[in-house]
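Using the numbering used here, you'd call the opening residue of the sequence shown number 6 and step up by one each time.
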Amino acid sequence: MKKMLIFPLMLAAVSVLITSTVAQAQTGTRVGGMSTRQDVIWFSEPSEIAQIRHLMQVGKGEEAVRTARNFVERLRNMNPPDALVQRYFALTALCSALTQTQELEEAIANCTDAVELFPSRWQALNNRGTAHYVGGNYAAALADYQRAYELEKDNASQARQMIQHNIDLATQRLPTDR
Numbered sequence: 006m007k008k009m010l011i012f013p014l015m016l017a018a019v020s021v022l023i024t025s026t027v028a029q030a031q032t033g034t035r036v037g038g039m040s041t042r043q044d045v046i047w048f049s050e051p052s053e054i055a056q057i058r059h060l061m062q063v064g065k066g067e068e069a070v071r072t073a074r075n076f077v078e079r080l081r082n083m084n085p086p087d088a089l090v091q092r093y094f095a096l097t098a099l100c101s102a103l104t105q106t107q108e109l110e111e112a113i114a115n116c117t118d119a120v121e122l123f124p125s126r127w128q129a130l131n132n133r134g135t136a137h138y139v140g141g142n143y144a145a146a147l148a149d150y151q152r153a154y155e156l157e158k159d160n161a162s163q164a165r166q167m168i169q170h171n172i173d174l175a176t177q178r179l180p181t182d183r
């Protein structure tokens, strides 16, 4: 299994202001070159998201998955709209943790649920693309990355650069006789 490198928020400081009552949250993944895979995942509050990130950083993928599942479940009983935004980021974090533990089918399902909650946000699409990439479905990965790229409008952002990197890698993996 390839080792995943996770960089903290300080290295990739991109945040999304959600509301004054919901803390900021952001997530993204970057896949590495042909022989290695490197993921960049960054989160800020809520504290459960920070805990999931930490667990992934120290290689406790199964514990990160359990924590993320519990967080998603707790959010089921909360009232919208704040809970929907938190749920989006919880599902996206669960997708990342499941990708780390190679539970790709469930990872893709959770990212798809997040995309359905907020189709105009790029993070879940990018993370679903990474789950597809890790599973060898490069065409699906490329489609998700391209859609994420379209949604991230800031041309100078680190997020857009990361997504472009992912697009380039997925494109390299596609058969050349297309």
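Beta carbons are placed, not taken as given, at the ideal position from N, Cα and C, and that holds for glycine.
Helix, strand or coil at residue 72 [DSSP, three-state]: helix
Contact under 8 Å by Cβ, residue 97 with residue 128: yes
Nearest candidate by alpha-carbon position, reference residue 72, set 103, 89, 84 and 82: 103
CA nearest to the CA of residue 122, picked from 148, 134 and 93: 93
Reduced DSSP category for residue 177 - H, G, I as helix; E, B as strand; rest coil: helix
Chain-order list of residues whose beta-carbon lies under 7 Å from that of residue 157 (same chain, five-residue window excluded): 127, 164, 165 and 168
Of the listed residues 130, 108, 173 and 109, nearest to residue 117 (C-alpha basis): 130
Buried versus exposed call for residue 67 [16 or more other C-beta atoms within 10 Å across all chains shown]: exposed
Short Cβ contact (8 Å threshold) for residue 146 with residue 138: yes
Residue from 161, 150 and 162 whose Cα sits closest to the Cα of residue 175: 150
Separation of residue 178 from residue 161, as counted between CA atoms: 26 Å
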